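Take a look at the structure below.
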Amino acid sequence: MNIFRLAGDMTHLASVLVLLLKIHTIKSCAGVSLKTQELYVIVFATRYLDIFTSFVSIYNSLMKLIFLGSSFSIVWYMRYHKAVHRTYDREQDTFRHWFLMLPCILLALLIHEKFTFFEVMWTFSLYLEAVAILPQLVLLQRTRNIDNLTGQYIFLLGGYRGFYILNWIYRYFTEPHYVHWITWISGLVQTLLYADFFYYYFLSWKNNKKLQLPA
Amino acid sequence: PEDDDVKDEL
């Protein structure tokens, strides 16, 4: 575990906490894409299939449980909690899951490190995570009305990806045989998707103005 | 080597 990996995991954890805070305390999910949250459930469910079969550390297992549990509970709140569900921008959040999932399934079947069930599912989760934020970014662009917590949530998620890239660079130079092209390329694609959002986030922060995306 | 296949990232 290096400092970049830890910083990445902590920003990821913070992003989930910010979102839960918004949903749990303010009872609002305005501006949050249910499609993206459902895709994250699928990402974690397919990636952590090994949760009971391979043990790395208490830290790893605990974090897996946290990410699985939090993503499930966010989706549950948005779908079934009456007050929260009322604030959901259903008409704007129209991205089709299959439009993202199908190419990821095909790509995972074609490009993977090993052709085993667990490995293909793991690879699928990497590809899907790379694009899972797209419905959220589309929703932001449509509503244009971004509250602070939603902005911080996406900022922290993007930060998590940035730290993971630093972690890979660090590990590449410090550990022998550490080469994972599929993880790196899909991770890089994922981080690049945040570039546009980051640009406007910093702009609004610099000018001390409310975050607004151009139409 | 087999050890490098351990998935230790989240």
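Same order as they appear, the protein sequences are chains F and W. Take 9 as the starting number for the first sequence in this note's numbering and just add one per residue. Take 1265 as the starting number for the second sequence in this note's numbering and just add one per residue. Ideal Cβ placement from N, Cα and C applies to all residues, glycine included. Everything numeric in this text was worked out from a predicted model, so none of it was measured.
Query raised in the report: Is the distance from the Cβ of F/R179 to the Cβ of F/Q100 below 8 Å?
Result: Stepping through the first sequence from its first residue, residue 179 of chain F is reached at position 171. Stepping through the first sequence from its first residue, residue 100 of chain F is reached at position 92. No, the Cβ-Cβ distance between F/R179 and F/Q100 is not below 8 Å.
Query raised in the report: Where do the ends of the alpha helix (DSSP H) carrying F/E88 lie?
Result: The count along the first sequence starts at 1 and reaches residue 88 of chain F at position 80. Inspection of the sequence shows that residue 88 of chain F is occupied by Tyr rather than by Glu. Note, F/Y88: alpha helix (DSSP H), I66 to Y88.
Report task. Identify the continuous alpha helix (DSSP H) that holds F/C112 and give its terminal residues. Result -> Indexing the first sequence from 1 puts residue 112 of chain F at position 104. Start and end: H105 to L118.
Query raised in the report: Exposed or buried, which one is F/L200 when buried takes at least 16 other CB atoms within 10 Å?
Result: On the first sequence, residue 200 of chain F is found 192 positions in, with the first residue counted as 1. Under this definition F/L200 is an exposed residue.
**Report entry** Amino acids of chain W, ordered along the chain, whose beta-carbon sits closer than 8 Å to that of F/M71
**Finding:** For the purposes of this step, residue 71 of chain F is taken as the residue at position 63 of the first sequence. Simply L1274.
Query raised in the report: If you pair each beta-carbon of the region 35-50 of chain F with each one of the region 188-203 of chain F, do three or more pairs fall below 8 Å?
Result: no
Query raised in the report: Between the C-alpha atoms of F/T19 and F/R169, what's the straight-line distance to the nearest angstrom?
Result: Along the first sequence, read from residue 1 onward, the residue named residue 19 of chain F stands at position 11. Along the first sequence, read from residue 1 onward, the residue named residue 169 of chain F stands at position 161. So the alpha carbons of these two residues sit roughly 9 Å apart.
Query raised in the report: For F/L6, which three-state DSSP category applies?
Result: Outside the shown range of chain F, which is 9 to 223, sits residue 6 of chain F, and nothing can be said about it.
Query raised in the report: Helix or strand or just coil, what does DSSP make of F/S194?
Result: For this step, residue 194 of chain F is matched to residue 186 along the first sequence. Helix.
Query - Inter-residue spacing [alpha-carbon to alpha-carbon] between F/F126 and F/D58 - result: Numbered from its first residue, the first sequence carries residue 126 of chain F at position 118. Numbered from its first residue, the first sequence carries residue 58 of chain F at position 50. Their Cα atoms are separated by approximately 8 Å.
Query raised in the report: Are the beta-carbon atoms of F/I193 and F/E121 separated by less than 8 Å?
Result: Here residue 193 of chain F refers to the residue found at position 185 when the first sequence is read from its first residue. Here residue 121 of chain F refers to the residue found at position 113 when the first sequence is read from its first residue. No, these two residues do not count as a Cβ contact at 8 Å.
**Report entry** Interface residues of chain W facing F/S78 [CB-CB closer than 9 Å]
**Finding:** The residue labelled residue 78 of chain F in the question sits at position 70 within the first sequence. Under the 9 Å cutoff, chain W gives no residues; its nearest Cβ is about 13 Å from F/S78.
Query raised in the report: Whose CA, out of F/P143, F/Y186, F/C37 and F/S133, lies closest to the CA of F/I50?
Result: For this step, residue 50 of chain F is matched to residue 42 along the first sequence. Of F/P143, F/Y186, F/C37 and F/S133, the residue nearest in Cα terms is F/S133.
Requested in this report: Starting from F/S23, find everything on chain W with Cβ-Cβ shorter than 9 Å and list it in chain order.
Outcome: For the purposes of this step, residue 23 of chain F is identified with residue 15 of the first sequence, where counting begins at 1. Going along chain W, no residue has its Cβ under 9 Å from F/S23, so there is no contact; the nearest lies around 13 Å.
Query raised in the report: Can a CB atom of chain F be found closer than 8 Å to the CB of W/E1266?
Result: In the second sequence, residue 1266 of chain W corresponds to position 2, counting from 1. Here the model assigns W/E1266 a pLDDT of 49, short of 50, so the residue's position is not dependable, and the following value carries that caveat. By this cut-off, W/E1266 is not an interface position.
Query raised in the report: How many whole angstroms separate the CB atoms of F/L21 and F/I74, which I take to be in contact at a CB cut-off of 8 Å?
Result: To locate residue 21 of chain F, count along the first sequence from 1; it is residue 13. To locate residue 74 of chain F, count along the first sequence from 1; it is residue 66. Right, the Cβ-Cβ distance comes to about 7 Å (below 8 Å), so this counts as a contact.
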